[in-house]
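If you're matching positions, the sequence shown starts at 10 in this note's numbering and goes up one per residue. So the structure is just underneath, and the comments pick up after that.
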Amino acid sequence: MDTAYIELTAAQVALAAFLIVVNGAVSVLLHLGMTKLWLVASLRTIVQLLLIGCVLEWVFQVQQWYIVLALMMVMTLMAGHAAVTRSERRFHGIWLNTFLCVWASSWLMAAFAVFLILRRTATWYEPQYAIPLLGMLLGNCLNGISLGLHTFTSALVSQRAEVETLLALGATRWEAARRPVQHAVKTGMTPIMNGMMVVGIVSLPGMMTGQLLSGIPPIQAVKYQIVIMFLIASATAMGTVGVVLLAFHRLFNARHQFLYQRLQ
């Protein structure tokens, strides 16, 4: 059985890109108004992936710790920025809170994987491991964080009367905000939880699929995917809980007052 890696040509990639034309045609026929969005999304996908491909090819050749670290920092900053911009409502300190939670949760889980699971203590900066691991963690973590933030602030706005009534009746800030906090954390962790429920049965994750296509034995690919799923789940939970609790402390002061005016 031939398990050699199949190198794709530009023509083969173009053939896959033709499928987006079909999506655009469907949009036109049904008057969905999404043709321009499909075009922009497709062009951004091509440009961004080609750019990161060139950067990674250079990083893989150089293999210097400071270059790998700098690239990881840029990835983290972009993830934090994306998490904040997805939130409709802002408050003072949201940028600091979000960057801190994205950085702490994703980097801690990446370090756990590199140092304790893969045991690459001396060569932790190998881009083959450090960059893909961090990238997967950041992508999923920012989704949980942005969902948690959006849900928490929206709940506080829609339930403002209830929260302020509880505070007026003598409830503590935690008692008044507990339900919005719980709802926000659950919402932020729902996507990864749903993914874990059907992984391997309904869907094959991208990392596992890539390893199978490159000729890795299926059991080895499964082991890697199990590790990745658990790392993602832990990073998402840590980041979501952290950002929601930090937002709670920003919007409720020590005198048990709801600082609604801080929400923009």
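Ideal Cβ placement from N, Cα and C applies to all residues, glycine included.
Between N149 and I103 the beta-carbon gap is near 20 Å, outside 8 Å, which marks them as no contact. Counting of Cβ neighbours within 10 angstroms places Y269 among the exposed residues, the total staying below 16. Here the alpha carbon of I29 sits roughly 12 Å from the alpha carbon of V22. Using a Cβ distance threshold of 8 Å, S114 and G248 count as a contacting pair.
The Cβ atoms of V68 and P136 sit closer than 8 Å to each other. Residue pairing by DSSP places F261 opposite F267 in a beta bridge. The beta carbons of T181 and H265 sit closer together than 8 Å.
Using a Cβ-Cβ distance cut-off of 8 Å, the region 138-153 and the region 87-97 are in contact, since at least three pairs of beta carbons, one from each stretch, lie closer than that value.
In the three-state reduction of the DSSP assignment, S223 falls in the coil class.
In the DSSP assignment, V64 falls within the alpha helix (DSSP H) that extends over 44-71. Residue range 136-167 is occupied by the alpha helix (DSSP H) that includes P141. If you look at I76, you'll find it in the alpha helix (DSSP H) that goes 74-94. The three-state secondary structure of V208, taken from DSSP, is strand. Take M198, set aside five residues on each side of it, and the residues of its chain with a beta-carbon closer than 7 Å to its own are G153, T245, A246, T249, in chain order.
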